[in-house]
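S.K.: The listed protein sequences derive, respectively, from chains P and D. With numbering that gives the first Met the number 0 as the guide, the letters of the first sequence map in order to residues 0 to 239. With numbering that gives the first Met the number 0 as the guide, the letters of the second sequence map in order to residues 0 to 239.
There are 2 protein chains.
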Amino acid sequence: MPQACARCRVRNGSLCQDFLKPRVGCRGVQPTHSALRRGDTLFCEGDTARYAYVIASGVVMAYKVMTDGRRLVTGFLFPGDAMGEDCPDVHSYSAEAAADATVCMYPHDGLLALVEADPGLGRQVLKRAHENLSTARDQMLMLASMSARERVAHFLMRMSAAAVRRGEPATVLWLPLSRTLIGDHLGLTMETVSRTLTQFRRERLIAIRGSEIELCDLSTLSELAGLPPPNPVLELLPAV
Amino acid sequence: MPQACARCRVRNGSLCQDFLKPRVGCRGVQPTHSALRRGDTLFCEGDTARYAYVIASGVVMAYKVMTDGRRLVTGFLFPGDAMGEDCPDVHSYSAEAAADATVCMYPHDGLLALVEADPGLGRQVLKRAHENLSTARDQMLMLASMSARERVAHFLMRMSAAAVRRGEPATVLWLPLSRTLIGDHLGLTMETVSRTLTQFRRERLIAIRGSEIELCDLSTLSELAGLPPPNPVLELLPAV
DNA sequence: CGATGTATTGAAGGATTTCAAAAGCCGTGG
DNA sequence: CCACGGCTTTTGAAATCCTTCAATACATCG
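#1: Nearest-angstrom Cα distance between Ala162 of chain P and Glu202 of chain D?
#2: Quick check on Ala116 of chain D: does DSSP put it in helix, strand or coil?
#3: Sort out for me which residues DSSP pairs Gly25 of chain P with in a bridge.
#4: Give the residues of chain P in contact with Leu172 of chain D, contact being defined as C-beta atoms less than 8 Å apart.
#5: Which residue marks the beginning of the beta strand (DSSP E) containing Asp208 of chain D, and which one marks its end?
#6: Taking Cβ positions only, does Pro87 of chain D come closer than 8 Å to chain P?
#7: Step through the CB atoms of chain P and report whether any lies within less than 8 Å of the CB of Tyr92 of chain D.
#8: How many whole angstroms separate the CB atoms of Leu226 of chain P and Leu204 of chain P, which I take to be in contact at a CB cut-off of 8 Å?
#9: With a Cβ-Cβ cutoff of 8 Å, do His184 of chain D and Phe154 of chain D count as a contact?
#10: Give me whichever residues DSSP pairs with Gly74 of chain P in a beta bridge.
#11: When the cut-off is 8 Å and only beta carbons count, does Asn131 of chain D lie next to chain P?
#12: Taking C-beta to C-beta, are Met82 of chain P and Tyr105 of chain P nearer than 8 Å?
#13: Just to confirm my understanding: we take Asp17 of chain P, look at its own chain, exclude 5 residues before and 5 after, and list those with CB closer than 7 Å. What are they?
#14: So Glu95 of chain D contacts chain P; which residues on that side make the cut at Cβ distance below 7 Å?
#15: Hey, would you say Arg37 of chain P sits closer than 8 Å to Leu113 of chain P, going by beta carbons?
#16: According to DSSP, is Thr47 of chain P helix, strand or coil?
#17: Relative to the alpha-carbon of Ser210 of chain D, which residue among D:Leu142, D:Val64 and D:Val171 has its alpha-carbon at the smallest distance?
#18: Quick one: is Pro118 of chain D near chain P, going by C-beta distance under 8 Å?
#19: Return the CA-CA distance between Pro87 of chain D and Leu125 of chain P, expressed in angstroms with no decimal places.
#20: Can you pull out the residues from the region 54–79 of chain D whose beta carbon lies closer than 7 Å to at least one beta carbon of chain P?
#21: Tell me which residue opens and which closes the alpha helix (DSSP H) that Ser93 of chain D is part of.
#22: Which bits of chain P does Val124 of chain D rub up against, with CB to CB less than 8 Å?
#23: Have a look at the DSSP bridge pairing and note the partners of Leu249 of chain D.
#24: Going along the chain, which residues of its own chain have a beta-carbon closer than 7 Å to the beta-carbon of Leu223 of chain P, five neighbours each way excluded?
#25: Using CA coordinates, which residue listed in P:Ser93, P:Leu132, P:Pro228 and P:Asp117 is at the minimum distance from Gly74 of chain D?
#26: Do Ala61 of chain D and Ala94 of chain D have their C-beta atoms within less than 8 Å of each other?
#27: Look up Phe42 of chain D in the DSSP assignment and give the residues it is bridged to.
#28: For Ala169 of chain D and Ala55 of chain D, what's the separation of their Cα atoms in angstroms?
#29: Suppose contacts are defined by Cβ-Cβ distances below 8 Å. Is Cys249 of chain D in contact with Lys20 of chain D by that definition?
#30: Write down the C-beta distance between Tyr50 of chain P and Arg136 of chain D rounded to the nearest angstrom, noting that I regard them as a contact closer than 8 Å.
#31: For Glu115 of chain D, return the contacting residues in chain P, with the cut-off set at a CB-CB distance below 8 Å.
#32: Can you tell me whether Ala160 of chain P is buried or exposed, with buried defined as 16 or more other CB within 10 angstroms of its CB?
#33: Can you find the residues in the same chain that come closer than 8 Å, C-beta to C-beta, to Gly45 of chain D, ignoring five residues on each side of it along the sequence?
#34: For the region 213–229 of chain D, enumerate the residues whose C-beta is nearer than 8 Å to any C-beta of chain P, in chain order.
#35: Strictly below 9 Å CB to CB, what residues from chain D border Gly186 of chain P?
#36: Which residues in chain D sit within 9 Å of Arg49 of chain P, going by Cβ to Cβ distance?
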């Protein structure tokens, strides 16, 4: 097993940790690693796809651009998240580092052999594809019908949920993302993102310290985002 | 094989025709059929998923609703299209008949056995999931950054491509869909859809006859939609 | 400390929504 | 056959929200 893999601590429940790492070395499953600086391209829409990528550190973004330059960031990926694990022939979107990042790259051919040999892994991959579809549709709903305030709240709550998933606190988010990037993710201009965030700050819903955002009022934010209130039960329970 | 399947003529290249139909009867793969009137519900978001559905005739729509009633129609499905073939535990969206429709229903358990036994089918299912993801992201791009005119043009071109896929003419679309439904699909109000369609009609880009829409100027429409021009080669060829 | 890039704030403009009314379509029944 | 009611579509005018354009403030790094 490569040194980098031995040291890697991406979350349990991730494709890499649970399925790939135990099989490194088997049947040509041999990851290579790559360090990216902010702005470096991982791959472009239309490129033939050769690898599945697992983010080991930093932030990677997936995006699509229209011919006239308008851009949609379809998602931000954090440590433990994977892309290309469904082994497409050709990439249907582009990917670049939104902040300095390191990624593991598993060649498709070894991965495919693994999937065919192990129905459990096949189910896992299909399940992930289904999850991706489900979140894509949630984002479609957001883009189709939410106001700027709702979109930004929705974004913050999603980032919070992602942080929890990788074992970080729910209320203190490290988001080294420019307003432009967030805007391109939410279908808003960076000015509108900025204005909305300062609104939220004035209303004490959030606090901003550099690229760190603290969520001060989760229940109002999740209500704005059209999501069920967070942990309603815990708040009602007496302290232990 | 049930009578309905023997008579069924959904397009080649569909999951049902190519993969399921030849295996009907094997290992518990036994479809049931259902006839739906416009407005009938097929399943709801949150229901436990028991079947994969293949549209045999008519139009079915997949949609999500927010708690306050705002709705996004994530897609319209036509004969040969499938839903739920990725065997999720729980439906992540709702489905109802947008026009009178008939569907084949394959129970998940038989399908799962088939997928595990046949790696080719597994690849096929995964490929379809990937296609769905890709079109979902295209729609996200549309919802995030296109004007009303561009959205409607994009919609018409997609409906045209879908018609071609099932062997129908590219320029005469049968779309028994209310303005409200189209609006909920495009993130617009029905008034905006109506205004935009009459604009297009006045500009001779389309002609409307009841629920039939003829695309009179494919190249302008596809340009508006941000798509490559249609069959540029064919138009340049001399008539045979 | 100045330079560059990013973020904030302001004011005007525009595209879509909202509200409201009129027109068109369709099936039913007199 | 025509009239009627219910429905969808079209059209109009005002309001709203976001964008655009422009200027200022703020940070980070040499």
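Here a beta-carbon is modelled for each residue, glycine too, at the ideal position from N, C-alpha and C.
M.R.: Quick answer:
#1: The alpha-carbon atoms of Ala162 of chain P and Glu202 of chain D are separated by roughly 50 Å.
#2: In the structure shown, Ala116 of chain D sits in a helix (DSSP, three-state: H, G or I).
#3: Note that residue 25 of chain P is Cys in the sequence shown here, rather than Gly. Answer is none; Cys25 of chain P lacks a bridge partner.
#4: Among the residues of chain P, none has a CB under 8 Å from the CB of Leu172 of chain D; the nearest is roughly 22 Å distant.
#5: Per the sequence presented here, residue 208 of chain D reads as Arg, with Asp not at that position. Arg208 of chain D: member of the beta strand (DSSP E) spanning Ile205 to Arg208, first to last residue.
#6: Yes, because at least one Cβ of chain P sits closer than 8 Å to the Cβ of Pro87 of chain D.
#7: Interface criterion met: the Cβ of Tyr92 of chain D is under 8 Å from a Cβ in chain P.
#8: No, Leu226 of chain P and Leu204 of chain P are not in contact; Cβ-Cβ is about 14 Å, not under 8 Å.
#9: Yes, they are a contact pair.
#10: Bridge partners of Gly74 of chain P: P:Ala61.
#11: So, interface residue.
#12: Not a contact, by the Cβ cut-off of 8 Å.
#13: Here the set comprises Asn11.
#14: Simply none; closest approach about 16 Å.
#15: Pairing Arg37 of chain P with Leu113 of chain P gives a Cβ-Cβ distance that is not under 8 Å.
#16: Strand.
#17: Put simply, of D:Leu142, D:Val64 and D:Val171 the residue whose alpha carbon is nearest the alpha carbon of Ser210 of chain D is D:Val171.
#18: Chain P contact via Cβ: present.
#19: Inter-residue distance for Pro87 of chain D and Leu125 of chain P is about 9 Å (C-alpha atoms, whole angstroms).
#20: Contact annotation: in the region 54–79 of chain D, residues whose CB is within less than 7 Å of a CB in chain P are Lys63, Met65, Thr66, Arg69, Leu71 and Thr73.
#21: For Ser93 of chain D, there is no enclosing alpha helix (DSSP H); the enclosing beta strand (DSSP E) has its first and last residue at Ser93 to Ala96.
#22: Listed along the chain, the chain P residues whose CB falls inside 8 Å of the CB of Val124 of chain D are Leu125.
#23: The structure shown does not extend to residue 249 of chain D, since chain D spans only 0 to 239, so no value can be given for it.
#24: So the list reads Arg148, Glu149 and Ala152, once near-sequence residues are dropped.
#25: Comparing Cα positions, the closest option is P:Leu132.
#26: In this structure, Ala94 of chain D lies closer than 8 Å to Ala61 of chain D by Cβ.
#27: According to DSSP, which records beta bridges pairwise, Phe42 of chain D is partnered with D:Ala94.
#28: Taking the straight line from one Cα to the other gives about 20 Å.
#29: Residue coverage of chain D in this structure runs from 0 to 239, which leaves residue 249 of chain D outside it and unanswerable.
#30: Cβ atoms of Tyr50 of chain P and Arg136 of chain D stay farther apart than 8 Å, at about 20 Å.
#31: Within chain P, the residues near Glu115 of chain D are Pro118 and Gly121.
#32: Counting Cβ neighbours within 10 Å, Ala160 of chain P comes out exposed, since fewer than 16 surround it.
#33: Around Gly45 of chain D: Val89 and His90.
#34: Hits within the stretch, in order: Gly225.
#35: Neighbours of Gly186 of chain P across chain D, judged by C-beta separation under 9 Å: Met139, Leu142, Ala143 and Ser144.
#36: Result: empty, since nearest Cβ-Cβ is about 16 Å, beyond 9 Å.
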